[in-house]
Amino acid sequence: MDATEAFNAAKAGDRRSMARLLTLIESGEANGAELGFSSRGEDCRILGVTGSPGVGKSCLVDRLLHAWAAAGEKVAVLAIDPSSPVTGGALLGDRMRMQAADDLDEVYVRSVATRNQPGGLPVRLAAMAEALLDCGYDRVVVETVGTGQAEVRIVAVADRVLLVEGPARGDSIQAEKAGLLELADIVAVNKADLDGADRFADEIRGSLELTGQAPPVLLVSALEGTGIPELVSALGQLGPARVAQRARWRERLLSEWEAALLTRDDLEQLLDRLEAGDTSVPEIVETFYRGVG
1 MDATEAFNAA KAGDRRSMAR LLTLIESGEA NGAELGFSSR GEDCRILGVT
51 GSPGVGKSCL VDRLLHAWAA AGEKVAVLAI DPSSPVTGGA LLGDRMRMQA
101 ADDLDEVYVR SVATRNQPGG LPVRLAAMAE ALLDCGYDRV VVETVGTGQA
151 EVRIVAVADR VLLVEGPARG DSIQAEKAGL LELADIVAVN KADLDGADRF
201 ADEIRGSLEL TGQAPPVLLV SALEGTGIPE LVSALGQLGP ARVAQRARWR
251 ERLLSEWEAA LLTRDDLEQL LDRLEAGDTS VPEIVETFYR GVG
């Protein structure tokens, strides 16, 4: 089954064809331009969810999926996994927390491995999300595994970003250093059932107010289900992007440039020449600029 056949079958509702189409896009064998994906514009249908490991992102996403499915929406999840797509790895165990939602007809969950795709992944991830939207899903959730620079690049493909925090100041500092607070449209402090959650939320609000355009900070508990309706409502009421949109465009541009370099057919030859001392990085960059200019 080629990409066009998979695309047409996926649009007709065939989930196996959807999986095949996403595999072709993820491997670089198909792209949105060739298949004629629709232009998304500013429709807020791709939500990036990020936050430090252990803050309960997967549990929170599972709650959101159930809420959206109950409202009649079809939702897909692209769960970023840094482990091998062959061996799986420990992080895939976290995805089991979304298994209940994945059993729903309205929900589709797909793990996306990052190994061997450092530059191309964000670009291909955007195409995968667009494919899901074109195949009838009302929204797509992109969930990362941490708050590093790689997560900043990945989450920038989203229209809006939900940053999940936990009641520990170190998480906020880590996210702030990575630049994720700059990208966030909403901050959810999970584990509101734990001591210190209210104080931690106030600390985040205080630090964000210094930026001038602070996103809403909500208290939720994925374990107990408290605050979930309010979070769903807040996500549904997101209007035009705040200043975060400029930061996202910057990261998307960097992703495109990085992918263009790392997917060049002559990349290994360029590295060989550098290793042999036959050229320099500035010379290669200049050649690259001339080639794309």
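Quick note on numbering: our numbering labels position 205 of the sequence shown as 205, and the sequence is numbered without any gaps. Note that CB positions come from ideal geometry on N, CA and C, so glycine has one too.
*For the beta strand (DSSP E) that contains ALA70, what are its first and last residues?*
Taking the first residue of the sequence shown as position 1, residue 70 is located at position 70. Unbroken run through ALA70 is the alpha helix (DSSP H), 57 to 70; no beta strand (DSSP E).
*Within the same chain, show all residues whose beta-carbon is closer than 8 angstroms to that of LYS11, passing over the 5 residues directly before and after it, in chain order.*
The residue you call residue 11 lines up with position 11 of the sequence shown. Result list for LYS11: ASP134, CYS135, GLY136, in chain order.
*Would you please state the rounded distance, in angstroms, between the beta carbons of ALA127 and SER255? I believe it to be under 8 angstroms.*
Numbered from 1 along the sequence shown, position 127 holds the residue referred to as residue 127. Numbered from 1 along the sequence shown, position 255 holds the residue referred to as residue 255. Contact doesn't hold; Cβ gap of about 12 angstroms is too wide.
*Output yes or no for whether 8 angstroms exceeds the beta carbon distance between ALA188 and VAL164.*
The count along the sequence shown starts at 1 and reaches residue 188 at position 188. The count along the sequence shown starts at 1 and reaches residue 164 at position 164. Taking 8 angstroms as the Cβ cut-off, ALA188 and VAL164 qualify as a contacting pair.
_Three or more C-beta pairs under 8 angstroms: does that hold for the segment 138 to 150 against the segment 215 to 226?_
no
*Can you grab the Cα-Cα spacing for the pair LEU64 / VAL232, in whole Å?*
Taking the sequence shown and counting its residues from 1, one reaches residue 64 at position 64. Taking the sequence shown and counting its residues from 1, one reaches residue 232 at position 232. Approximately 7 angstroms, taken between the alpha carbons.
*VAL157, DSSP secondary structure in three states*: Stepping through the sequence shown from its first residue, residue 157 is reached at position 157. Looking at VAL157 - three-state DSSP - the assignment turns out to be coil, as it is neither helix nor strand.
*asked:* Measuring only the C-alpha atoms, how far is VAL55 from ARG160?
replied: Here the question's residue 55 lines up with position 55 in the sequence shown. Here the question's residue 160 lines up with position 160 in the sequence shown. Roughly 19 angstroms separates the two Cα atoms.
*According to DSSP, what are the bridge partners of TYR108?*
Here residue 108 refers to the residue found at position 108 when the sequence shown is read from its first residue. Answer is ALA76, bridged to TYR108.
_Limits of the alpha helix (DSSP H) - the one that GLY51 falls within_ = The sequence position of residue 51 within the sequence shown is 51, counting from 1. Note, GLY51: premise wrong, no alpha helix (DSSP H); not H, not E.
*Option nearest ARG140 by Cα separation, candidates ALA69, ARG205, GLY166*: As a working mapping, residue 140 is identified with position 140 in the sequence shown. Just to set this straight, residue 140 is Val in the shown sequence, not Arg. For VAL140, the closest alpha carbon among the candidates ALA69, ARG205, GLY166 is that of ALA69.
*Go to GLU143, then tell me how far its beta strand (DSSP E) extends in each direction, as first and last residue.*
Locating residue 143 in the sequence shown gives position 143, counting from the first residue. Segment 139 to 143, the beta strand (DSSP E) holding GLU143.
*Given MET1, which residues of its chain have a CB within under 8 angstroms of its CB, disregarding the five upstream and five downstream residues?*
The residue labelled residue 1 in the question sits at position 1 within the sequence shown. Contacts found: ALA9, SER17, ARG20.
*Leaving out five residues before and five after ILE284 in sequence, what residues of the same chain have Cβ atoms less than 6 angstroms from its Cβ?*
In the sequence shown, residue 284 corresponds to position 284, counting from 1. Result list for ILE284: LEU270, in chain order.
*Looking only at C-alpha atoms, which of GLY13, LEU104, ASN190 sits nearest to SER52?*
Counting from one through the sequence shown, the residue named residue 52 turns up at place 52. Nearest C-alpha to SER52: ASN190.
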